[in-house]
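Heads up: the sequence lines are chains A and B, in that order.
At the far end of the first sequence sits residue 372, using the working numbering, and the numbering has no gaps.
At the far end of the second sequence sits residue 359, using the working numbering, and the numbering has no gaps.
Idealized CB from N, CA, C, for every residue including glycine.
From a predicted model like this one, the values you see are computed outputs, not experimental measurements.
Below is one structure, written out as structure tokens; the observations come after it.
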Amino acid sequence: AQSVTQLGSHVSVSEGALVLLRCNYSSSVPPYLFWYVQYPNQGLQLLLKYTSAATLVKGINGFEAEFKKSETSFHLTKPSAHMSDAAEYFCAVSHGGYQKVTFGIGTKLQVIP
Amino acid sequence: EAQVTQNPRYLITVTGKKLTVTCSQNMNHEYMSWYRQDPGLGLRQIYYSMNVEVTDKGDVPEGYKVSRKEKRNFPLILESPSPNQTSLYFCASGKWGGEGDTQYFGPGTRLTVL
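Pasting the structure below:
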């Protein structure tokens, strides 16, 4: 079985501040881990993914995430928030690439000017 | 332009009236999938397909059917829709590994079943 838990359904940060979105996973085998972003009234866009090649994964739009096996975590960070980062972010896990992907419930990021 | 298209984008129907939501991709991806998105539940996978004529159930397949007769198309069929299938539906396609590894989502289909 696989699952992800996203801590905080809503997160607010000031423009220019650090963005930290938390994700913990549960998996009986080494997982693949993903972060997606959904802008209002749009489909999802893949931000980055972990495939065991490197524990620190860099994605698009300045985001990165670090895989920590000991903490079963895959938190998403960005050093400086922009207004355009306001969106909903989903963490996800799979055991086989893009098939059988299990999503978290999402975290809505608000950026305050 | 690489894209996943879904039709219709919005649909209001009544209980029991069969409907099909189409999904098409132009990237020659082997993998395609359907998800539904509901408030507080995130996205849940309905069905996925790893190639033509190869489909498998996701986490919430009850009440849905799919087919993959061509690589580019992956329609979602609701034989007898019920109000609990009112949701926002997304189709996705992807290529895993190697050159061109990526995944795309369609723009979504908002379905209301009365």
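According to DSSP, simplified to helix, strand and coil, what is residue i?
i: M342/A; result: helix
i: I364/A; result: coil
i: G302/A; result: coil
i: G303/B; result: coil
i: Q265/A; result: strand
i: N320/A; result: helix
i: Q330/B; result: helix
i: G355/A; result: strand
i: Q248/B; result: coil
Name, please, each residue of chain A whose Cβ falls closer than 9 Å to the Cβ of residue i.
i: Y276/B; result: G356, Y357 and Q358
i: T300/B; result: What T300/B touches in chain A: nothing, since even the nearest Cβ is about 11 Å away.
i: Y293/B; result: Y357, Q358, K359 and V360
Identify the contact partners of residue i in chain A, using a Cβ-Cβ distance below 8 Å as the criterion.
i: W279/B; result: Ordered by position in chain A, no residue passes the 8 Å Cβ test against W279/B, which lies about 12 Å from the chain.
i: F335/B; result: G302 and L303
i: G303/B; result: K359
Confirm, please, whether the CB-CB distance from residue j to residue i is below 8 Å.
i: H269/A; j: Q358/A; result: no
i: Q270/B; j: V249/B; result: yes
i: N361/A; j: Q261/A; result: Reading the sequence as shown, one finds Thr at residue 361/A and not Asn. Cβ distance < 8 Å, so T361/A and Q261/A count as in contact.
i: C282/A; j: V263/A; result: yes
i: G302/A; j: F335/B; result: yes
i: V259/B; j: L359/B; result: yes
i: L280/A; j: H334/A; result: yes
i: V316/A; j: K308/A; result: yes
i: T310/A; j: E325/A; result: no
i: T347/B; j: R254/B; result: no
Excluding the five sequence neighbours on either side, which residues of its own chain have a C-beta within less than 8 Å of the C-beta of residue i, listed in chain order?
i: G344/A; result: Checking the displayed sequence, the identity of residue 344/A turns out to be Asp instead of Gly. So the qualifying residues of the chain are V278, N320, K337, L368 and V370.
i: S294/B; result: Y276, M277, S278, T300, D301, V311, R313 and F319
i: V272/A; result: V278, A340, L368, Q369, V370 and I371
Cβ closer than 7 Å: which chain B residues qualify as neighbours of residue i?
i: L315/A; result: By Cβ distance, chain B contributes nothing, its closest Cβ being about 18 Å from L315/A, past 7 Å.
i: I364/A; result: G285, L286 and G287
i: F349/A; result: G287 and L288
Around the C-beta of residue i, are 16 or more other C-beta atoms found within 10 angstroms, so that it is buried, or is it exposed?
i: L286/B; result: exposed
i: P326/B; result: buried
i: S285/A; result: exposed
i: G365/B; result: One cannot answer for residue 365/B here, as it falls past the ends of chain B, which runs 246 to 359.
i: A337/B; result: buried
Check the Cβ of residue i against every Cβ in chain B and list those closer than 9 Å, keeping chain order.
i: L305/A; result: G339, T347, Q348, Y349 and F350
Residues of chain A with CB closer than 7 Å to the CB of residue i, please, in chain order.
i: S353/B; result: According to the sequence provided, residue 353/B is Gly. The question's Ser does not apply to it. G302, listed in chain order.
Report all residues from its chain with a CB closer than 7 Å to the CB of residue i; omit the five preceding and five following residues, and keep chain order.
i: P306/B; result: I291 and Y292
Take residue i and list the residues in its own chain whose beta-carbon comes closer than 6 Å to its own, dropping the five residues that flank it on each side.
i: M272/B; result: A247
i: S353/A; result: Y291, K359 and V360
i: L288/B; result: Y280 and Q282
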